[in-house]
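In my numbering, the protein residues as written are 5 to 87. We put the CB at the ideal spot given by N, CA and C, even for glycine.
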């Protein structure tokens with residue numbers, strides 16, 4: 005079996021699980037498109053995904069008082085929405 009790694013993914017929905025899945029994929033270096041039915045839900049979903057990135061950064065960078073803004077920014081750059 006080939007060990008080809010995928011580089012892009014789509015997450016359908018911005019409900020309870022979608023933003024977390026998108027954030028996890030982005031942390032793994034995957035470019036993620038989050039699909040939502042409305043602009044309002046897309047905004048809420050992206051805010052939730054960015055909050056997840058920040059929480060994860062806090063966990064990984066527990067030795068410092070603030071998570072690395074560059075680390076959060078580079079991961080959040082991999083997120084985009086499509087309505």
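- Rounded to whole angstroms, the separation of the alpha carbons of residue 17 and residue 42 is 10 Å.
- Bounds of any beta strand (DSSP E) do not take in residue 8, whose DSSP letter is neither H nor E.
- A straight line joining the alpha-carbon of residue 40 with that of residue 32 spans about 22 Å.
- Distance between residue 35 and residue 15, taken at the CA atoms: about 11 Å.
- Excluding residues up to 5 positions away in sequence, 15 lie with their Cβ nearer than 8 Å to the Cβ of residue 25 in the same chain.
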